[in-house]
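What follows is a single structure, written as structure tokens, with notes after it.
In this note's numbering, the protein residues as written are 46 to 362.
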């Protein structure tokens with residue numbers, strides 16, 4: 046194979062593309078054939094064309110080695126790298142928001158990553174300043190093919206992904222890009238809803254320090270559902286409901302998702318009544334002081350039963 050000429054690579058590329066279409070129902074084989082066909086472009090040193098046909102289709106997930114290869118090719122061509130390649134080399138955030146609003150997120154990644162790399166002299170300068178190994182290695186073509194002698198890329202490549210101690214910066218940038226996209230679409234920033242619920246939990250935990258207070262309590266009879274905040278000894282539950290519990294929100298799946306949310310909420314209400322649980326439902330607009338007062342009033346109106354704790358017989362001996 047090392048002695049193949051341009052015509053050989055071109056003929057193999059056509060054959061592999063044909064096989065990829067022929068075995069489309071065998072996704073793994075079909076994908077391998079397509080990747081090997083693209084490797085023929087590398088054998089032909091048609092690098093621009095290779096970058097075009099292997100352009101990342103998604104802006105989330107992880108594709109470490111493929112993205113690293115594309116970055117090396119961009120560097121060899123003297124071109125600025127695709128910011129999505131930088132993202133996927135490390136591992137792009139995969140959230141429901143990003144999946145549903147990928148175009149907006151992708152534009153924010155471009156903006157945030159571009160601003161950061163320009164302020165630091167470009168990605169390749171950054172990678173080297175982050176301490177990637179100076180050693181370059183051969184990159185063989187047709188990975189996974191049962192061949193003894195495989196041709197190599199015409200230049201050696203570097204492992205940009207090996208700057209392990211600094212790659213977290215890219216994850217921070219991706220989160221910043223998501224927050225900008227969320228802000229543009231009027232959606233709370235990453236973690237804002239969770240933080241609000243957690244803050245409520247901590248406040249109740251402080252107010253009722255003499256009682257056991259659990260975040261995400263899950264009594265067995267509740268099945269796969271859970272209470273946001275659970276007082277097991279008092280059989281008191283607190284549910285923190287965002288806007289999606291009260292009206293359809295496109296970000297959370299629209300009308301159909303809202304219908305399912307209402308069904309789950311009603312099921313939880315019914316199970317709570319059946320098992321004697323006092324359920325408090327609050328939103329971000331409710332007054333925590335008022336909630337604490339309501340819980341205190343309820344506690345004062347019921348007789349608290351101390352849970353039976355089995356005695357350790359050995360301790361009595």
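By construction, the Cβ of each residue, glycine as well, lies at the ideal position given by its N, Cα and C atoms.
- What do you reckon, are the CB atoms on residue 127 and residue 202 nearer than 7 Å? Start at 1 with the first residue of the chain shown, and residue 127 comes out as number 82. Start at 1 with the first residue of the chain shown, and residue 202 comes out as number 157. The answer is no: Cβ separation not under 7 Å.
- Message: Please report the straight-line C-alpha distance between residue 213 and residue 320, rounded to a whole angstrom.
- Response: The sequence position of residue 213 within the chain shown is 168, counting from 1. The sequence position of residue 320 within the chain shown is 275, counting from 1. Going from the Cα of residue 213 to the Cα of residue 320 covers about 47 Å.
- Query: For residue 68, does the three-state DSSP call read helix, strand or coil?
  - Reply: Taking the chain shown and counting its residues from 1, one reaches residue 68 at position 23. Note: residue 68 maps to coil in three-state DSSP.
- Item | For residue 59, three-class secondary structure by DSSP | Translated into positions along the chain shown, residue 59 becomes position 14. Of the three classes helix, strand and coil, the one that applies to residue 59 here is helix, per DSSP.
- Message: Tell me which residues share the same chain as residue 242 and place their Cβ nearer than 7 Å to its Cβ, disregarding the 5 neighbours each side in the sequence.
- Response: If you number the chain shown from 1, residue 242 lands on position 197. In its chain, beyond the 5 residues on either side, 273, 285 have a beta carbon closer than 7 Å to the beta carbon of residue 242.
- Message: In the DSSP assignment, the beta strand (DSSP E) including residue 284 goes from what residue to what residue?
- Response: For the purposes of this step, residue 284 is taken as residue 239 along the chain shown, with counting starting at 1. Its beta strand (DSSP E) spans residues 281 to 285.
- Determine the burial state of residue 221: buried for a count of at least 16 other Cβ atoms within 10 Å of its Cβ, exposed for fewer. Counting from 1 along the chain shown, the entry for residue 221 is found at position 176. It counts as buried.
- Inside the region 205 to 282 only - alpha helix (DSSP H) runs reaching at least 4 residues: Taken in chain order, the complete alpha helix (DSSP H) segments of 4 residues or longer contained in the region 205 to 282 are 213 to 229, 237 to 252.
- Segment limits, alpha helix (DSSP H) that includes residue 141: The residue you call residue 141 lines up with position 96 of the chain shown. First-last of the alpha helix (DSSP H) with residue 141: 141 to 145.
- Message: According to DSSP, is residue 185 part of a helix, a strand, or is it coil?
- Response: Within the chain shown, numbered from 1, the residue matching residue 185 stands at position 140. Looking at residue 185 - three-state DSSP - the assignment turns out to be strand.
- Query: Three-state secondary structure (DSSP) at residue 176?
  - Reply: The residue you call residue 176 lines up with position 131 of the chain shown. Note: residue 176 maps to coil in three-state DSSP.
- Task: Measure the C-alpha to C-alpha separation of residue 125 and residue 151 and round it to an integer number of angstroms.
- Result: Indexing the chain shown from 1 puts residue 125 at position 80. Indexing the chain shown from 1 puts residue 151 at position 106. Straight-line Cα distance between these residues: approximately 17 Å.
- Task: Within the same chain, show all residues whose beta-carbon is closer than 6 Å to that of residue 85, passing over the 5 residues directly before and after it, in chain order.
- Result: The residue you call residue 85 lines up with position 40 of the chain shown. Cβ neighbours of residue 85 beyond the five flanking positions: 54, 57, 58.
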